[in-house]
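Below is one structure, written out as structure tokens; comments come after it.
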Amino acid sequence: MRHETAHESPASAPPSDWDVLNAQIVACTQCPRLVEYRTQIAQRKRASFRDWDYWGKPVPNFGEPTARLLIVGLAPAAHGGNRTGRIFTGDASGDFLFDALYRTGFCNQPTSTNRDDGLQLYDVAITAAVHCAPPDNKPTPDEQRACFPYLQATYRQMPNLRGLLALGQMAFNACVRLAREEGLLPDSTRLEFRHGAFYPLADGRFLAASYHPSARNTYTKLLTMPMMTDLLLQARARLDSTATPADSEA
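For the sequence shown, the positions run 15 to 264 when the working numbering is used.
Structure follows, in structure tokens:
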């Protein structure tokens, strides 16, 4: 029988910086209100999910640090990511987003139901401005500030990153702050949140904006599938382009 040495066993390999970051996110207890809420939801559950073992913790990043596109959402849904343990998984927002990502070649299947469903991302990673489910989907300014270092650490661990895609105003604000603090956007530059906007950053990367794929936005047709897929295809073209930052403005 062949005996593998320690360095041959994937299980014994040291965790990557990305894995360490995700572990730090999951272990975070900085915000008492969010800790109480996410735990309470996990205990009470929704009747239709009563057989589920809710995640009930901060939801980590999804994807690999080698990706060129980082999608930034608002926060996990109480009975979506807070239940399944994966961002945009198990709710209507995720159904819409992953269908759009599948149609544009960024993932291998159009559905996202649980952490073991076989979903794979291609050249994209997904994170959130806030990693815990907030009451009424509204994290406070203090909670947003407390979670910002995780977004900054995520950004810094993605060496191939070419673009940021913010889903919604709050995620957009977090990305603008990130760009300023990383020296990619002058303080004097004011960016307007509008769906389909692409803004060049100082190092040749871009920041794009989209309406959030919430059930409300998609039901009212504020955001449609053609709007989302068109934006994602534009993002893909920019990822593959050698254009200068000045050429990236839409």
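Note that CB positions come from ideal geometry on N, CA and C, so glycine has one too. Only a predicted model underlies this, so the values are computations on that prediction, with no experimental measurement involved.
Report task. Tell me, please, whether the segment 207 to 225 touches the segment 104 to 118 by the rule of three or more beta-carbon pairs shorter than 8 angstroms. Result -> The answer is no - the segment 104 to 118 does not touch the segment 207 to 225, with fewer than three Cβ pairs under 8 angstroms.
Query - First through last residue of the alpha helix (DSSP H) which encompasses F102 - result: First-last for F102: undefined, no H or E at that position.
Report task. Could you have a look at A216 and say whether DSSP puts it in helix, strand or coil? Result -> In the structure shown, A216 sits in coil (DSSP, three-state: anything other than H, G, I, E or B).
Requested in this report: Starting from T141, trace the beta strand (DSSP E) both ways and give me its first and last residue.
Outcome: Run containing T141: V138 to A142, per the beta strand (DSSP E) assignment.
**Report entry** Extent of the continuous beta strand (DSSP E) to which A180 belongs
**Finding:** Judged by DSSP secondary structure, A180 falls within the beta strand (DSSP E) whose first and last residues are G177 to L181.
Query raised in the report: Buried or exposed: where does H17 fall if 16 or more other Cβ atoms within 10 Å of its Cβ makes it buried?
Result: With a pLDDT of 35 at H17, under the threshold of 50, the predicted position of this residue should be treated as unreliable, and no value is reported.
Query - Under the three-state DSSP convention, the category C121 falls into - result: DSSP places C121 in strand when its eight states are reduced to three.
Query raised in the report: Measuring CA to CA, which of D254, A188 and S30 is closest to G218?
Result: Minimum Cα distance to G218 is reached at D254.
Report task. Answer yes or no: do P6 and I101 have a C-beta to C-beta separation smaller than 8 angstroms? Result -> Residue 6 falls outside the range modelled here, since the chain spans only 15 to 264, and no answer is possible.
Query raised in the report: Based on Cα-Cα distance, which residue from D137, R52, S126 and N75 lies nearest to N174?
Result: Residue D137 is the option with its Cα nearest to N174.
Requested in this report: With DSSP collapsed to three states, give me the class of A147.
Outcome: In this structure, A147 counts as coil in the three-state DSSP scheme.
Query raised in the report: Between which two residues does the beta strand (DSSP E) containing V34 stretch?
Result: From DSSP, V34 is part of no beta strand (DSSP E) but of the alpha helix (DSSP H) over D31 to A41.
Query raised in the report: In whole angstroms, what is the alpha-carbon distance linking L84 and A160?
Result: Each residue's Cα considered, the two are about 20 angstroms apart.
Query raised in the report: By a C-beta neighbour count over all protein chains shown, 10 Å radius and 16 as the cutoff for buried, is R58 buried or exposed?
Result: R58 should be labelled exposed.
Query raised in the report: Which same chain residues, not among the five before or five after R60, have their C-beta less than 7 angstroms away from its C-beta?
Result: Excluding sequence positions up to five before and after R60, its CB lies within less than 7 angstroms of the CB of H93, all in the same chain and listed in chain order.
Query raised in the report: Can you give the Cα-Cα distance for L246 and F110, rounded to whole angstroms?
Result: About 13 angstroms.
Query - Separation of T168 from A222, as counted between CA atoms - result: Answer to the nearest angstrom: the Cα atoms are 17 angstroms apart.
Query raised in the report: Sorted by chain position, which residues of the same chain lie with C-beta nearer than 6 angstroms to P149's C-beta, five sequence neighbours on each side aside?
Result: Within the same chain, Y51 come within 6 angstroms of P149 by CB-CB distance, once the 5 residues on both sides are set aside.
**Report entry** Residue(s) in a DSSP beta bridge with S202
**Finding:** Per DSSP, none; premise fails for S202.
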